[in-house]
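Numbering (UniProt numbering), first residue to last: 742 to 995. So the structure is just underneath, and the comments pick up after that.
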Amino acid sequence: LQMAQLLRQDMEGERLYLMLQAQVDIEGGRHVAAEALLRWAPASGPEIGPAEFIPVAEESGLMLSLGRHVLQLVARLLSERRDLLESELRLAINVSPQQLVDARFPEDVQRLLRETGLPPPRLELEITESALMGSPEESRRALLQLKSLGVRLAVDDFGTGYSSLSHLKHFPVDAVKIDRSFVQDLDRNAGDRALVRAIIAMAASLGLECVAEGVETESQVQLLREMGCHLMQGYLFAHPMPYNEMPLWPSLRR
Ligand code: G
Ligand code: G
Ligand code: MN
Ligand code: NA
Numbered sequence: 742l743q744m745a746q747l748l749r750q751d752m753e754g755e756r757l758y759l760m761l762q763a764q765v766d767i768e769g770g771r772h773v774a775a776e777a778l779l780r781w782a783p784a785s786g787p788e789i790g791p792a793e794f795i796p797v798a799e800e801s802g803l804m805l806s807l808g809r810h811v812l813q814l815v816a817r818l819l820s821e822r823r824d825l826l827e828s829e830l831r832l833a834i835n836v837s838p839q840q841l842v843d844a845r846f847p848e849d850v851q852r853l854l855r856e857t858g859l860p861p862p863r864l865e866l867e868i869t870e871s872a873l874m875g876s877p878e879e880s881r882r883a884l885l886q887l888k889s890l891g892v893r894l895a896v897d898d899f900g901t902g903y904s905s906l907s908h909l910k911h912f913p914v915d916a917v918k919i920d921r922s923f924v925q926d927l928d929r930n931a932g933d934r935a936l937v938r939a940i941i942a943m944a945a946s947l948g949l950e951c952v953a954e955g956v957e958t959e960s961q962v963q964l965l966r967e968m969g970c971h972l973m974q975g976y977l978f979a980h981p982m983p984y985n986e987m988p989l990w991p992s993l994r995r
C-alpha cells in the first residue's frame, strides 16, 4: 500500500516514463513496430518494473488513472518523435485487464489518435491472454468496440493463459505474441518446440500474425523462421531503450 501511495505521487512529473523496444521483420530486415514499456524510478530506492507495480496499481484503484497517464506519455512521445510518427512503424502499447473493460477507454484511445494524428492501424493494443480469458464474453465486446476505432489488437503473453481456441476464433484480434518463456528454451526443449509450432500453425490458420517475444539467440531465430514466424522481438535485436534513442532502422550487425 505504501508502494501505491508513492506511485500515486509519481504520476505527475518525470518518474514514470516510457521506453521503446523494436519489433523486427526478419525477412524484410526492418523494424515494423515499437513497443512502449512503462518504467518507474521512485525518488528513493531502485527502479521498479511494471511486472511489480501494475498489479499494485490494479489492486489499489490506481490502474485507470495510470493507464490514462500512459496514454498521455504516448502522446508526448509521438510529439517528440515526429520521425516515428511519420514512419510506417506501428506503436504498440500494453493495456491492463481493468483498462480493457473501462467504458471510457475507447474514448481515451480515440482522443490519443486525434491529438497525435497517428493512423489507427498503426496503433497496436496488447492485451494479455489471461486478461482476455478471465471473462471472454466481456472481453469480446470490449475488443469489438476498440476494433471499430480501426486500431490493431494483439494477444500478449500467448500460451500462458489457457486460451480456449474457440474464444480466440471469436475475438477480433490481428496478432498473437508468443510468450518468451516458450522461446527461451526452443533449442533445448522439444515440448516448447512443439507448442510454438502449434501456435504458429494456429495463428496462420486463423489469419493472425505471429510475433515471437524474448528472442535472444541466432538459433532461436533459425528455428522460428523454419516454423514460419518472421516477426520477432528480443534482446538479440534490441533492448528496450529511452524513446529518443530507438532507431527507425535496425543496425546491420547482429
Ligand atoms: O518491460 P518489462 O519486461 O518489465 O514488462 C513487464 C510487464 O509489464 C510486461 O508484461 C509488459 O507487458 C507490462 N507492461 C509494460 N508497460 C506497461 C504499460 O504501460 N501498461 C501495462 N498495463 N502493462 C505494461
Ligand atoms: O509481456 P510483455 O511482452 O509486454 O513483456 C515485455 C518485457 O519483456 C519487457 O519488459 C522487456 O524488458 C522484456 N524483454 C524484452 N525482450 C526480452 C528478451 O529478449 N529477453 C528477456 N529475458 N526479456 C525481454
Ligand atoms: Mn507487451
Ligand atoms: Na508479452
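For every residue, glycine included, the Cβ atom is placed at its ideal position computed from N, Cα and C.
*Who are the near neighbours of residue 906 in its chain, counting only those whose CB is closer than 8 Å to its CB and skipping five residues on each side?*
One-based indexing of the sequence shown puts residue 906 at position 165. Excluding residues within five positions, the ones whose Cβ falls inside 8 Å are 943.
_residue 778 beta carbon near ligand 2 (any heavy atom closer than 7 Å)_ = The residue you call residue 778 lines up with position 37 of the sequence shown. Yes, ligand 2 has a heavy atom inside 7 Å of this Cβ.
_Does the distance between the C-beta of residue 921 and the nearest non-hydrogen atom of ligand 2 fall short of 7 Å?_
As a first step, residue 921 is located in the sequence shown; it is residue number 180 there, counting from the start. Within the cutoff, so yes.
*asked:* According to DSSP, residue 772 sits in a beta bridge with which residue or residues?
replied: For this step, residue 772 is matched to residue 31 along the sequence shown. According to DSSP, residue 772 bridges with 765.
_Supposed close pair residue 914, residue 940 - CB separation, criterion 8 Å_ = For this step, residue 914 is matched to residue 173 along the sequence shown. For this step, residue 940 is matched to residue 199 along the sequence shown. Not a contact, Cβ separation roughly 13 Å.
_Closer than 8 Å is the cut-off here; do at least three beta carbon pairs connect the stretch 851 to 862 with the stretch 876 to 887?_
no
_Please return the same chain residues whose Cβ sits closer than 8 Å to the Cβ of residue 809, not counting the five positions on each side in sequence._
Here residue 809 corresponds to residue number 68 of the sequence shown, with the count starting at 1. Counting only Cβ-Cβ distances below 8 Å, and skipping sequence neighbours, we find 849.
*Do the stretch 831 to 843 and the stretch 798 to 812 meet, that is, are 3 or more Cβ pairs less than 8 Å apart?*
yes
_Sequence-distant residues of the same chain with beta carbon closer than 8 Å to residue 938, five excluded per side_ = The residue given as residue 938 occupies position 197 in the sequence shown. Answer for residue 938: 968, listed in chain order.
*asked:* I want to check one thing, is the minimum distance from the CB of residue 837 to the heavy atoms of ligand 1 below 7 Å?
replied: To locate residue 837, count along the sequence shown from 1; it is residue 96. Flag set: Cβ of residue 837 near ligand 1.
*Just checking, does the stretch 756 to 763 make contact with the stretch 971 to 990 on the three C-beta pairs under 8 Å criterion?*
yes
*Given a cut-off of 8 Å, decide if residue 746 and residue 804 are closer than it, judged by their beta-carbon atoms.*
The count along the sequence shown starts at 1 and reaches residue 804 at position 63. The count along the sequence shown starts at 1 and reaches residue 746 at position 5. Contact flag unset, no.
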